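J.: Sequential numbering of the sequence shown, starting at 6, is according to the working numbering. We put the CB at the ideal spot given by N, CA and C, even for glycine. Here the structure is a predicted model, which is why all the values come from computation and not from measurement.
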Amino acid sequence: MHKLPRNALRGRAWKGALGAMALLAFLPACAGAAPGTGTGSANGTREPWFTRALVGMEIGPTGAQFGHSDPKDARYCADFDGRELVRRAVAARSEYLVVWVRDGDYAYHDSKLLPKAPGLGPRDPLREAVDEARRHTLPIIAYCVMQQGGHYLKAHPEWEMRGPDGQPIGRFCLNSGYLEAMKQIVAEELTYGIAGFHIDMLDQGFGPPYGCWCPACRTQFEREFGHPMPAGATWDAAWDDMLEFRYRSSERFEKALAAHIRALDPAATVDFNYHGNPPFSFEVGQRPVQHAGNGDFITGETGVWGFSALTVGLNAEFYRAAVPHQRVQVAMQRGVRMYHDQTTRPLNDMRWELITLLAHGAFATMVDKTAFDGRLDPVAYERIGAAFEEARAKRAHFGHPAVAEVGLYFSSRTRDWLARDRPNDYFQGYLGAHKALAYEHIPWGVVLDENATAASLRRFPVIIVPNAGIVSAAEAERLRQYVEEGGRLVVTGLSGCFGRRGEPLQASTLEALIGARLVRKLGTVDNWARFSSADLRGLGLSENSLRADWPFLVKGPAAVFAPTTASPIGDLMAPYRTTRQTQGMEGAEWPMSADATVGPAILSNALGRGQVLSFACSPDFAVAGEHAVVEARKLLAAAVRRLNPRPRVRITAPANVEAIVTDDPVKRTIRVHLIGYDSPPQTMPTRERPYVLPALVEDAPMFRAVVELQSPPRSAKALNPSTDLKQVGARTEVTVSDIHEVILLRY
Ligand SMILES: [Zn+2]
Numbered sequence: 006m007h008k009l010p011r012n013a014l015r016g017r018a019w020k021g022a023l024g025a026m027a028l029l030a031f032l033p034a035c036a037g038a039a040p041g042t043g044t045g046s047a048n049g050t051r052e053p054w055f056t057r058a059l060v061g062m063e064i065g066p067t068g069a070q071f072g073h074s075d076p077k078d079a080r081y082c083a084d085f086d087g088r089e090l091v092r093r094a095v096a097a098r099s100e101y102l103v104v105w106v107r108d109g110d111y112a113y114h115d116s117k118l119l120p121k122a123p124g125l126g127p128r129d130p131l132r133e134a135v136d137e138a139r140r141h142t143l144p145i146i147a148y149c150v151m152q153q154g155g156h157y158l159k160a161h162p163e164w165e166m167r168g169p170d171g172q173p174i175g176r177f178c179l180n181s182g183y184l185e186a187m188k189q190i191v192a193e194e195l196t197y198g199i200a201g202f203h204i205d206m207l208d209q210g211f212g213p214p215y216g217c218w219c220p221a222c223r224t225q226f227e228r229e230f231g232h233p234m235p236a237g238a239t240w241d242a243a244w245d246d247m248l249e250f251r252y253r254s255s256e257r258f259e260k261a262l263a264a265h266i267r268a269l270d271p272a273a274t275v276d277f278n279y280h281g282n283p284p285f286s287f288e289v290g291q292r293p294v295q296h297a298g299n300g301d302f303i304t305g306e307t308g309v310w311g312f313s314a315l316t317v318g319l320n321a322e323f324y325r326a327a328v329p330h331q332r333v334q335v336a337m338q339r340g341v342r343m344y345h346d347q348t349t350r351p352l353n354d355m356r357w358e359l360i361t362l363l364a365h366g367a368f369a370t371m372v373d374k375t376a377f378d379g380r381l382d383p384v385a386y387e388r389i390g391a392a393f394e395e396a397r398a399k400r401a402h403f404g405h406p407a408v409a410e411v412g413l414y415f416s417s418r419t420r421d422w423l424a425r426d427r428p429n430d431y432f433q434g435y436l437g438a439h440k441a442l443a444y445e446h447i448p449w450g451v452v453l454d455e456n457a458t459a460a461s462l463r464r465f466p467v468i469i470v471p472n473a474g475i476v477s478a479a480e481a482e483r484l485r486q487y488v489e490e491g492g493r494l495v496v497t498g499l500s501g502c503f504g505r506r507g508e509p510l511q512a513s514t515l516e517a518l519i520g521a522r523l524v525r526k527l528g529t530v531d532n533w534a535r536f537s538s539a540d541l542r543g544l545g546l547s548e549n550s551l552r553a554d555w556p557f558l559v560k561g562p563a564a565v566f567a568p569t570t571a572s573p574i575g576d577l578m579a580p581y582r583t584t585r586q587t588q589g590m591e592g593a594e595w596p597m598s599a600d601a602t603v604g605p606a607i608l609s610n611a612l613g614r615g616q617v618l619s620f621a622c623s624p625d626f627a628v629a630g631e632h633a634v635v636e637a638r639k640l641l642a643a644a645v646r647r648l649n650p651r652p653r654v655r656i657t658a659p660a661n662v663e664a665i666v667t668d669d670p671v672k673r674t675i676r677v678h679l680i681g682y683d684s685p686p687q688t689m690p691t692r693e694r695p696y697v698l699p700a701l702v703e704d705a706p707m708f709r710a711v712v713e714l715q716s717p718p719r720s721a722k723a724l725n726p727s728t729d730l731k732q733v734g735a736r737t738e739v740t741v742s743d744i745h746e747v748i749l750l751r752y
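(1) Output yes or no for whether 9 Å exceeds the beta carbon distance between Val677 and Val712.
(2) Could you give the DSSP three-state label for Arg673: helix, strand or coil?
(3) Take Leu195 and list the residues in its own chain whose beta-carbon comes closer than 8 Å to its own, dropping the five residues that flank it on each side.
(4) Which residues in the same chain have their Cβ closer than 7 Å to the Cβ of Arg292, if we skip the five residues on either side of it in sequence?
(5) In three-state DSSP terms, what is Leu515?
(6) Count the CB pairs spanning the region 568 to 586 and the region 623 to 637 that are closer than 8 Å, and state whether there are at least three.
(7) What ranges does the beta strand (DSSP E) occupy inside the region 284 to 357, keeping only unbroken runs of at least 3 residues that lie completely in it?
(8) Do Ile199 and Ile146 have their C-beta atoms within less than 9 Å of each other?
(9) Between the Cα of Arg535 and the Cα atoms of Ala579, Gly126, His402, which residue gives the shortest distance?
(10) Say the cut is 8 Å; is the CB of Leu59 nearer than that to a heavy atom of ligand 1?
(11) So who's on the other strand from Ile745, going by DSSP bridges?
(12) When DSSP builds the beta bridges, which residues end up paired with Pro605?
(13) Using three-state DSSP, classify Met206 as helix, strand or coil.
(14) Measuring CA to CA, which of Ala396, Gly434, Ile469 is closest to Gly412?
(15) Within the present structure, is the beta-carbon of Arg167 separated from the nearest heavy atom of ligand 1 by less than 8 Å?
(16) Quick check on the DSSP output: the alpha helix (DSSP H) that includes Ser538 runs from which residue to which?
(17) Taking 8 Å as the line, does the beta carbon of Gly207 fall inside it for any heavy atom of ligand 1?
(18) Please classify Met707: is it buried, with 16 or more other beta-carbons within 10 angstroms of its beta-carbon, or exposed?
(19) Would you mind sorting Arg325 into buried or exposed? The rule is 16 or more other CB atoms within 10 Å of its CB.
(20) List, from N- to C-terminal side, the beta strand (DSSP E) runs of 3 residues or more that fit wholly inside the region 421 to 505.
(21) Would the beta-carbon of Ala243 be found less than 8 Å away from any heavy atom of ligand 1?
(22) From the DSSP output, in three-state form, read off Val559 for me.
(23) Only counting the same chain, and skipping five residues up and downstream in sequence, which positions put a Cβ closer than 6 Å to that of Asp662?
(24) Within 10 angstroms of the Cβ of Thr224, are there 16 or more other Cβ atoms? Answer buried if so, exposed if not.
(25) For a test of the three-state rule: what should DSSP assign to Lys77, helix, strand or coil?
(26) Check whether the Cβ of Ser116 sits closer than 8 Å to any heavy atom of ligand 1, and report yes or no.
(27) What is the DSSP secondary structure of Gln616, reduced to helix, strand or coil?
(28) Assuming contact is defined by CB atoms lying nearer than 9 Å, are Glu100 and Leu59 in contact in what I supplied?
(29) Within 10 Å of its beta-carbon, does Gly613 have 16 or more other beta-carbons around it, so buried, or fewer, so exposed?
(30) Using 8 Å as the cut-off, can you tell me whether the region 441 to 457 makes contact with the region 381 to 391, which would need three or more C-beta pairs spanning the two stretches below that distance?
(31) How long is the line joining the alpha carbons of Ala438 and Phe377, rounded to whole angstroms?
(32) Have a look at Arg483 and Glu490 and give me their C-alpha separation to the nearest angstrom.
(33) Under the assumption that Tyr215 contacts Glu163 (Cβ atoms under 8 Å), give the Cβ distance between them as a whole number of angstroms.
(34) Can you give me the start and stop residues for the alpha helix (DSSP H) that Phe258 sits inside?
(35) With a Cβ-Cβ cutoff of 9 Å, do Gly372 and Met151 count as a contact?
(36) My assumption, with CB atoms under 8 Å, is that Cys178 sits in contact with Glu165. Please give the rounded CB distance.
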């Protein structure tokens with residue numbers, strides 16, 4: 006199974022090694038709502054605390070995050086002081102504070118239900134925090150861990166998940182008596198007058214055996230589905246029911262816990278740390294939409310440590326798509342590597358990530374983990390304070406509706422049933438399509454199969470379906486309507502070529518849209534494309550950006566299509582196979598050069614008032630791979646531009662600058678956020694060469710950008726005094742010397 010490269014997500018590797026749950030400790034947190042802190046809505050007149058929140062903090066201890074810590078070690082949390090947490094958070098301009106209150110080992114308050122962290126002695130940090138917060142009207146949210154191995158699970162083996170062999174697997178079963186225990190735990194915490202809860206780690210594990218076979222689960226499964234549980238991941242009809250059962254179990258648990266909290270205190274907020282987006286897959290028991298809206302707002306996390314630098318924005322937009330009706334909270338960390346590493350990032354590194362989240366419309370929680378004894382790092386708070394100060398000063402420029410030209414269509418069924426326990430096989434195409442659009446400054450948004458409607462598709466002038474192998478008849482019909490009514494569609498690779506459970510189909514379910522018949526899938530991924538001068542002109546590409554009659558690698562799945570109504574463009578070429586490769590004596594992981602043309606590279610099909618461009622190869626997959634030639638990316642961008650030649654906003658900037666476009670229709674202002682990611686070259690990695698982590702951002706970059714509208718704006722201005730701005734007609738040119746700039750274009 007491929008979740009993440011181990012060097013990228015060390016927490017997961019640790020988790021595996023621990024057999025249970027360390028990730029939760031790495032997961033951040035946040036948010037809640039409420040009463041005792043003076044921002045609640047108990048009287049129905051005040052809005053919940055999170056409605057206008059922009060920046061907040063989560064603070065928790067370091068030392069018990071792996072569980073099973075020494076309960077006699079009185080050094081642990083000896084100085085974990087609730088008053089000090091509040092004072093420092095307030096001084097850093099935090100608008101709310103998530104306090105670590107319970108994990109798999111301890112409570113961090115006086116609990117009748119749970120043992121208290123050993124160093125606290127008679128002190129009660131939650132009481133201290135709530136008392137101090139009242140003076141500052143700072144909402145206090147309790148960070149409450151749900152799923153973590155440790156002393157509590159050890160004390161309650163009757164609630165532990167069981168593998169098919171009946172052996173315990175180190176996590177809490179969501180269909181056990183643990184729900185009632187959690188209800189008591191949150192009830193006790195509510196008596197403090199907290200504003201709400203952040204509930205972390207509502208997952209069912211991150212690896213095999215992918216389920217719970219305890220007697221309670223077996224009984225309930227049989228009642229719901231009328232047959233016994235499959236004995237493991239059989240990937241058949243019975244396993245389809247098993248996945249459904251796991252999804253239902255997570256949803257039931259979330260809803261029951263949220264309802265319980267609301268019944269006790271209607272003003273208290275609840276949010277669950279979300280695991281429905283890449284790189285997470287079926288294994289955690291969450292679907293992108295099904296498990297996104299069960300709290301008052303969605304909370305996810307980001308960070309280079311587990312998600313890459315580029316997907317900070319993708320995470321925020323994915324969450325938004327999952328809960329279009331809710332606010333989006335994203336957690337990031339102050340440590341240079343991960344949550345619990347006791348290090349402090351340079352200010353510009355923090356600014357880049359924080360501003361990226363805010364520009365994508367999220368509110369952001371900075372996670373700080375204290376020293377072992379509970380003390381706080383003064384330098385971290387200086388830098389966090391500077392970053393928060395800037396964010397709050399720019400508040401008016403965040404939170405407007407996004408202007409997105411392209412919708413990136415995500416297929417949860419493909420994730421589950423085609424990629425299965427190799428989810429990256431599917432994610433790679435999706436992430437590559439996103440990467441291409443981000444590098445090319447084509448504003449994008451996320452479309453999810455679970456909640457897509459005709460109206461939600463129509464919001465995007467162009468939709469890309471990147472290698473969604475499983476496209477149901479209903480989805481194909483919705484996409485057909487979208488195109489017939491004037492929508493423009495890009496389809497890549499083997500989209501639609503597989504059945505409901507991942508079985509190969511003889512025909513793609515998208516053939517009517519593609520305008521071509523599937524002849525055969527290529528069994529290779531080192532496939533090539535080649536275009537003539539006339540092809541390039543047809544795609545709107547100059548020979549400066551792509552050489553004519555020159556084969557280039559487009560590494561990814563491909564198929565031979567025979568046009569029916571579509572016009573073919575360019576050549577798809579299969580790779581050579583050496584004699585030894587054909588004899589099975591040599592692998593084919595490394596690309597081999599181009600052999601003969603086997604079919605068209607692209608198919609262009611008019612349908613109703615719309616147009617479909619289909620790639621028989623996978624430029625999306627190529628862009629996220631190790632052989633990410635620039636030409637593959639240019640191809641994808643050219644497809645979008647050919648389908649939508651006159652976008653509302655057109656941006657030219659270096660590839661390390663992210664552009665986010667929003668529209669304030671009341672003030673008739675388009676904002677173009679430009680965010681420079683200036684990571685200097687990295688040295689040789691200490692392990693798993695050549696897989697490097699990016700270096701920290703230290704300097705503010707200087708870069709030039711051009712923003713073109715369809716007609717000249719009434720005015721164009723930049724926020725930073727240091728920015729050089731020149732407007733000529735519809736074209737605005739800027740030279741920026743900072744991490745972040747906002748170009749305001751009045752229309
Ligand atoms: Zn169970």
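T.: On the basis of the data shown:
(1) Within the sequence shown, numbered from 1, the residue matching residue 677 stands at position 672. Within the sequence shown, numbered from 1, the residue matching residue 712 stands at position 707. For Val677 and Val712, yes; Cβs fall inside 9 Å.
(2) Counting from 1 along the sequence shown, the entry for residue 673 is found at position 668. Arg673: coil per DSSP, three-state reduction.
(3) Translated into the one-based positions of the sequence shown, residue 195 becomes position 190. Excluding sequence neighbours, Leu195 sits near Ile266, Leu269, Asp270, Ala273.
(4) Sequence index remark: in the sequence shown, residue 292 carries index 287 (1-based). For Arg292, the CB contacts under 7 Å within the same chain, skipping 5 residues up- and downstream, are Tyr252, Gly281, Ser417, Glu455 in chain order.
(5) The residue given as residue 515 occupies position 510 in the sequence shown. In the three-state DSSP reduction, Leu515 falls in the coil class, being neither helix nor strand.
(6) At 8 Å Cβ cutoff, the stretches do not touch.
(7) You should have 303 to 306, 333 to 338.
(8) One-based indexing of the sequence shown puts residue 199 at position 194. One-based indexing of the sequence shown puts residue 146 at position 141. Result yes, Cβ atoms of Ile199 and Ile146 sit closer than 9 Å.
(9) Within the sequence shown, the letter at position 530 stands for residue 535. Ranking Ala579, Gly126, His402 by Cα distance to Arg535 puts Ala579 first.
(10) Position 54 of the sequence shown, counted from the start, is the residue given in the question as residue 59. Leu59 Cβ: outside cutoff for every heavy atom of ligand 1.
(11) The residue you call residue 745 lines up with position 740 of the sequence shown. A quick correction: the sequence has His, not Ile, at residue 745. For His745, the beta-bridge partners assigned by DSSP are Ile680.
(12) Here residue 605 refers to the residue found at position 600 when the sequence shown is read from its first residue. Within the DSSP bridge table, the entry for Pro605 names Asp576 as partners.
(13) Taking the sequence shown and counting its residues from 1, one reaches residue 206 at position 201. Judged by DSSP in its simplified three-state form, Met206 adopts coil rather than helix or strand.
(14) Within the sequence shown, residue 412 is the residue found at index 407, counting from 1. Just measuring C-alpha positions, the residue of Ala396, Gly434, Ile469 sitting nearest Gly412 is Ile469.
(15) Residue 167 sits at position 162 when you count from the first residue of the sequence shown. Residue side-chain check: Arg167 places its Cβ nearer than 8 Å to a non-hydrogen atom of ligand 1.
(16) One-based indexing of the sequence shown puts residue 538 at position 533. Annotation for Ser538: the continuous alpha helix (DSSP H) segment containing it runs 538 to 543.
(17) Translated into positions along the sequence shown, residue 207 becomes position 202. The sequence given here has Leu at residue 207, not Gly. No, since every heavy atom of ligand 1 falls outside the 8 Å radius drawn around the Cβ of Leu207.
(18) Stepping through the sequence shown from its first residue, residue 707 is reached at position 702. Under this definition Met707 is an exposed residue.
(19) Numbered from its first residue, the sequence shown carries residue 325 at position 320. With 16 or more other Cβ atoms from the protein chains shown falling within 10 Å of its own Cβ, Arg325 counts as buried.
(20) Fully enclosed beta strand (DSSP E) runs of 3 or longer: 449 to 453, 467 to 470, 493 to 496.
(21) Against the sequence shown, residue 243 aligns to sequence position 238. Checking the Cβ of Ala243 against ligand 1 gives no.
(22) Walking along the sequence shown from the start, residue 559 turns up at place 554. Looking at Val559 - three-state DSSP - the assignment turns out to be coil, as it is neither helix nor strand.
(23) For the purposes of this step, residue 662 is taken as residue 657 along the sequence shown, with counting starting at 1. Before going further, note that residue 662 is Val rather than Asp in the sequence given. Within the same chain, Leu679, Gly681, Phe708 come within 6 Å of Val662 by CB-CB distance, once the 5 residues on both sides are set aside.
(24) As a first step, residue 224 is located in the sequence shown; it is residue number 219 there, counting from the start. Burial call: exposed.
(25) Here residue 77 corresponds to residue number 72 of the sequence shown, with the count starting at 1. Per DSSP, reduced to three states, the secondary structure at Lys77 is coil, with no helix or strand assignment.
(26) Counting from 1 along the sequence shown, the entry for residue 116 is found at position 111. Flag unset: Cβ of Ser116 not near ligand 1.
(27) Here residue 616 corresponds to residue number 611 of the sequence shown, with the count starting at 1. In the structure shown, Gln616 sits in a strand (DSSP, three-state: E or B).
(28) Taking the first residue of the sequence shown as position 1, residue 100 is located at position 95. Taking the first residue of the sequence shown as position 1, residue 59 is located at position 54. Contact flag set, yes.
(29) Walking along the sequence shown from the start, residue 613 turns up at place 608. Gly613 comes out exposed.
(30) No, the region 441 to 457 does not touch the region 381 to 391.
(31) Here residue 438 refers to the residue found at position 433 when the sequence shown is read from its first residue. Here residue 377 refers to the residue found at position 372 when the sequence shown is read from its first residue. Near 42 Å, if we compare the C-alpha coordinates of Phe377 and Ala438.
(32) For the purposes of this step, residue 483 is taken as residue 478 along the sequence shown, with counting starting at 1. For the purposes of this step, residue 490 is taken as residue 485 along the sequence shown, with counting starting at 1. Across the structure, Arg483 and Glu490 are spaced so that their CA atoms are roughly 11 Å apart.
(33) Position 210 of the sequence shown, counted from the start, is the residue given in the question as residue 215. Position 158 of the sequence shown, counted from the start, is the residue given in the question as residue 163. With a Cβ gap of about 22 Å, Tyr215 and Glu163 do not count as contacting.
(34) Stepping through the sequence shown from its first residue, residue 258 is reached at position 253. 242 to 269 is the extent of the alpha helix (DSSP H) around Phe258.
(35) Locating residue 372 in the sequence shown gives position 367, where the first residue counts as 1. Locating residue 151 in the sequence shown gives position 146, where the first residue counts as 1. One detail in the question is off: residue 372 reads as Val in this sequence, not Gly. No, the Cβ-Cβ distance between Val372 and Met151 is not below 9 Å.
(36) Within the sequence shown, residue 178 is the residue found at index 173, counting from 1. Within the sequence shown, residue 165 is the residue found at index 160, counting from 1. Rounded, the Cβ-Cβ distance is 7 Å, consistent with contact.
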